[in-house]
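S.K.:
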Amino acid sequence: MMSEPHLSDQRAFDRALDDLLALDPRLVPLVDLAGRPTLRRRPPGFAGLAAVVVAQQLSVASARAIHGRLESTLGGAPSVEAMLAATPEALRAAGLSAPKIRTLTGIARALAEGAVDLDAVARMEADAAAETLTRLPGVGLWTADIYLLFCLGRADAFPHGDLALQVALGEAFDLPGRATPQGLRAVAEDWRPLRGVAAHLLWAYYGARRTRQGAPA
1 MMSEPHLSDQ
11 RAFDRALDDL
21 LALDPRLVPL
31 VDLAGRPTLR
41 RRPPGFAGLA
51 AVVVAQQLSV
61 ASARAIHGRL
71 ESTLGGAPSV
81 EAMLAATPEA
91 LRAAGLSAPK
101 IRTLTGIARA
111 LAEGAVDLDA
121 VARMEADAAA
131 ETLTRLPGVG
141 LWTADIYLLF
151 CLGRADAFPH
161 GDLALQVALG
171 EAFDLPGRAT
181 PQGLRAVAED
191 WRPLRGVAAH
201 LLWAYYGARR
211 TRQGAPA
């Protein structure tokens, strides 16, 4: 089995995508419709994890606006120290909901206390790393996998609970409806160690179909 590549930049992603398409030619028609996806990257560490939490259940535009206000409030990219020093009132004024304030301050406190070592997480196998991240307050497997994929460039991280991925797989493989999380995870086993590359492609396919149908991507 090939080793998990590091998605350090677009060139590395494009090489990994070529390997994925050779591994599973059923995915070639998705590229034909959606084009070659752009690698999504965010900074590693608390700053990147905070960005993932902020973006949960928000549109891209709303997430960017709130994250920008959060950076202004904290005096730069979110850090553990700045988050713990910020008042709930200041965080609410930046646009964070009460649950997200609890999650971000809880994560910052746990990291400060050494409950999880993000540097050690970066060296773990993808599934083990995701499980470790879920020890942090308010971090589920979806958030953990998104962090591994976007912030660490882990090519095999795969958020099988993502609704858009479930819908995209159902449409791409002509299923009667969207795939279940378990079904998506089972199909994705064929894509190891490039499941995260497949996720990028499925997201691009999902967006392209909705653009073509006249609906928001």
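Per full-length UniProt numbering, residue 1 is the first one in the sequence shown, and the count goes up by one each step. Ideal Cβ placement from N, Cα and C applies to all residues, glycine included. From a predicted model like this one, the values you see are computed outputs, not experimental measurements.
#1: So, for residue 41: in the same chain, excluding its five sequence neighbours on each side, which residues have a beta-carbon less than 7 Å away from its beta-carbon?
#2: Please classify residue 98 as buried or exposed, where buried requires at least 16 other C-beta atoms within 10 Å of its C-beta.
#3: Looking only at its chain, what residues have a beta carbon closer than 6 Å to the beta carbon of residue 115, apart from the 5 residues adjacent to it on each side?
#4: Ignore the nearest five residues each way along the sequence and tell me which others in residue 100's own chain have a CB closer than 7 Å to its CB.
#5: I'd like the list of long-range same chain contacts for residue 109, defined as Cβ closer than 7 Å, with 5 residues on each side in sequence excluded.
#6: Entirely within the UniProt domain "HhH-GPD" (54-207) and at least 4 residues each: give me those alpha helix (DSSP H) ranges in chain order.
#7: Can you give me the Cβ contacts of residue 214 inside the same chain, cut-off strictly under 7 Å, excluding the 5 residues immediately before and after it?
#8: Work out the CA separation of residue 46 and residue 219 for me, nearest whole Å.
#9: Measure the alpha-carbon distance for residue 173 versus residue 66 and round it to whole angstroms.
#10: On the criterion of 16 or more Cβ atoms from any shown chain inside 10 Å, does residue 92 qualify as buried, or is it exposed?
#11: Select from 22, 5 and 38 the residue whose C-alpha is nearest the C-alpha of residue 190.
#12: Let me know if residue 33 comes out buried or exposed under the rule of 16 or more other beta-carbons within 10 Å of its beta-carbon.
#13: Straight-line CA distance for residue 175 to residue 165?
M.R.: Let's see:
#1: The count along the sequence shown starts at 1 and reaches residue 41 at position 41. Only 150 and 153 meet the Cβ criterion.
#2: As a working note, residue 98 is residue 98 in the sequence shown. With fewer than 16 other Cβ atoms within 10 Å, it is exposed.
#3: Taking the first residue of the sequence shown as 1, we reach residue 115 at position 115. Here the set comprises nothing.
#4: For the purposes of this step, residue 100 is taken as the residue at position 100 of the sequence shown. Hits under 7 Å: 53 and 54.
#5: Position 109 of the sequence shown, counted from the start, is the residue given in the question as residue 109. Answer for residue 109: 84, listed in chain order.
#6: 60-74, 80-85, 88-93, 98-112, 118-121, 126-133, 141-146, 163-172 and 181-188
#7: Here residue 214 refers to the residue found at position 214 when the sequence shown is read from its first residue. Because residue 214 sits at a pLDDT of 42, beneath the cut-off of 50, its placement in the model cannot be relied upon, and the point is left open.
#8: Beyond the ends of the chain as shown, which are 1 and 217, falls residue 219; an answer cannot be given.
#9: Position 173 of the sequence shown, counted from the start, is the residue given in the question as residue 173. Position 66 of the sequence shown, counted from the start, is the residue given in the question as residue 66. Whole-angstrom Cα-Cα distance: 36 Å.
#10: Sequence index remark: in the sequence shown, residue 92 carries index 92 (1-based). It is exposed - the Cβ of residue 92 has fewer than 16 other Cβ atoms within 10 Å.
#11: The sequence position of residue 190 within the sequence shown is 190, counting from 1. Among 22, 5 and 38, the Cα nearest to that of residue 190 is on 22.
#12: As a working note, residue 33 is residue 33 in the sequence shown. With fewer than 16 Cβ atoms within 10 Å of its Cβ, residue 33 is classed as exposed.
#13: What you label residue 175 is simply residue 175 of the sequence shown in a count that begins at 1. What you label residue 165 is simply residue 165 of the sequence shown in a count that begins at 1. In a straight line, the C-alpha of residue 175 is about 13 Å away from that of residue 165.
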